[in-house]
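Peer 1: Below is one structure. I have some questions about it.
Residue numbers (this note's numbering), protein chains in the order written: chain A, 9 to 119; chain B, 15 to 131.
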């Protein structure tokens, strides 16, 4: 699995758009990029997954540049309930292989 | 999405006792499950891969005789922390892939918080 680097923490005010960037310089051709969200004392929850360009779902958007060496998770109009740790993972078979979690980004939303 | 449950959600035990944690896939079968441990303010660390019908595969540094894993059926894996000590206090999380849906993701349980006094 490719190593990922993301900011340790971020703060944002309610109602703002939050962008969390993840670096994965050694991403392989077959690798996908997946983001998980973890609330305190809960298991991680899948947010979004992509391979290239842009992916959007009801929760977030994922932007992936052409070189795929980084990706940006975008959370629109955050609320207090978005306070959580966000993990970026890179791999080619998330469904079956063991996952290696990096440090994650601790996002704190300020009222 | 698929649902993975864990039982108990939290447990407090005395030092030297053993604690069993269950991980169940509620609406799908899982031949493989993963066990993670997470200390406060830290990331998840993979402990072992649980395989139905065969021995678990442990990550480097994880004592297999201390953390016993049994994948009893296609929907149940158990982690037993033997002779628990305060340093084993942690948040234990399991996950399982759901090949039936074809989704390229794993589903995590809600976690079990173990406190060893």
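Note that the Cβ used here is the ideal one computed from N, Cα and C, for glycine as well.
So which residues of chain B does residue 11/A contact, with C-beta pairs closer than 8 Å?
Peer 2: Per Cβ cutoff of 8 Å: no residues; residue 11/A is ~13 Å from chain B at best.
Peer 1: For residue 24/B, count neighbouring C-beta atoms within 10 Å of its own C-beta (all shown protein chains included) and say buried if the count is 16 or more, exposed if not.
Peer 2: exposed
Peer 1: Can you check whether the CB of residue 24/A is closer than 8 Å to the CB of residue 112/A?
Peer 2: no
Peer 1: Beta-carbon separation of residue 68/B and residue 49/B under 8 Å?
Peer 2: no
Peer 1: Are the CB atoms of residue 42/A and residue 78/A within a distance shorter than 8 Å?
Peer 2: no
Peer 1: Determine the direct distance from the alpha carbon of residue 56/B to that of residue 64/A, and round the result to whole angstroms.
Peer 2: 29 Å
Peer 1: What runs of the alpha helix (DSSP H), each 4 residues or longer, lie entirely inside the segment 43 to 105 of chain A?
Peer 2: Scanning the segment 43 to 105 of chain A for uninterrupted alpha helix (DSSP H) segments of 4 residues or longer gives nothing; none is fully contained.
Peer 1: Grab the span of the beta strand (DSSP E) containing residue 111/B for me, first residue to last.
Peer 2: 104 to 111
Peer 1: What are the boundary residues of the beta strand (DSSP E) that includes residue 87/B?
Peer 2: 81 to 87
Peer 1: Run the CB neighbour count on residue 32/A, radius 10 Å, all protein chains shown included, and call it buried at 16 or more, exposed below.
Peer 2: Buried, by the Cβ-count rule.
Peer 1: Can you find the residues in the same chain that come closer than 7 Å, C-beta to C-beta, to residue 91/A, ignoring five residues on each side of it along the sequence?
Peer 2: 115, 116, 117
Peer 1: Output the distance between the C-alpha atoms of residue 46/A and residue 94/A, rounded to the nearest integer angstrom.
Peer 2: Answer to the nearest angstrom: the Cα atoms are 6 Å apart.
Peer 1: Here's the rule I'm using: 16 or more other beta-carbon atoms within 10 Å means buried, otherwise exposed. How should residue 109/A be labelled?
Peer 2: buried
Peer 1: If distances are taken between C-alpha atoms only, which option among 31/B, 125/B, 129/B, 27/B comes closest to residue 38/B?
Peer 2: 125/B
Peer 1: So residue 70/A and residue 62/A are in contact, right, with Cβ under 8 Å, and what is the actual spacing, rounded?
Peer 2: 7 Å
Peer 1: Could you tell me whether the Cβ atoms of residue 119/B and residue 57/A are closer together than 8 Å?
Peer 2: Their beta carbons are under 8 Å apart, which means residue 119/B touches residue 57/A by this criterion.
Peer 1: Is there a Cβ from chain A that is less than 8 Å from the Cβ of residue 107/B?
Peer 2: Chain A contact via Cβ: present.
Peer 1: If you measure beta-carbon to beta-carbon, which residues of the segment 31 to 57 of chain A are closer than 9 Å to chain B?
Peer 2: 40, 42, 44, 46, 49, 50, 51, 52, 53, 54, 57
Peer 1: Going by alpha carbons, who is nearest to residue 88/A out of 20/A, 35/A, 76/A, 99/A?
Peer 2: Nearest option by C-alpha distance: 20/A.
Peer 1: Just to confirm, is the Cβ distance from residue 47/B to residue 109/B under 8 Å?
Peer 2: yes
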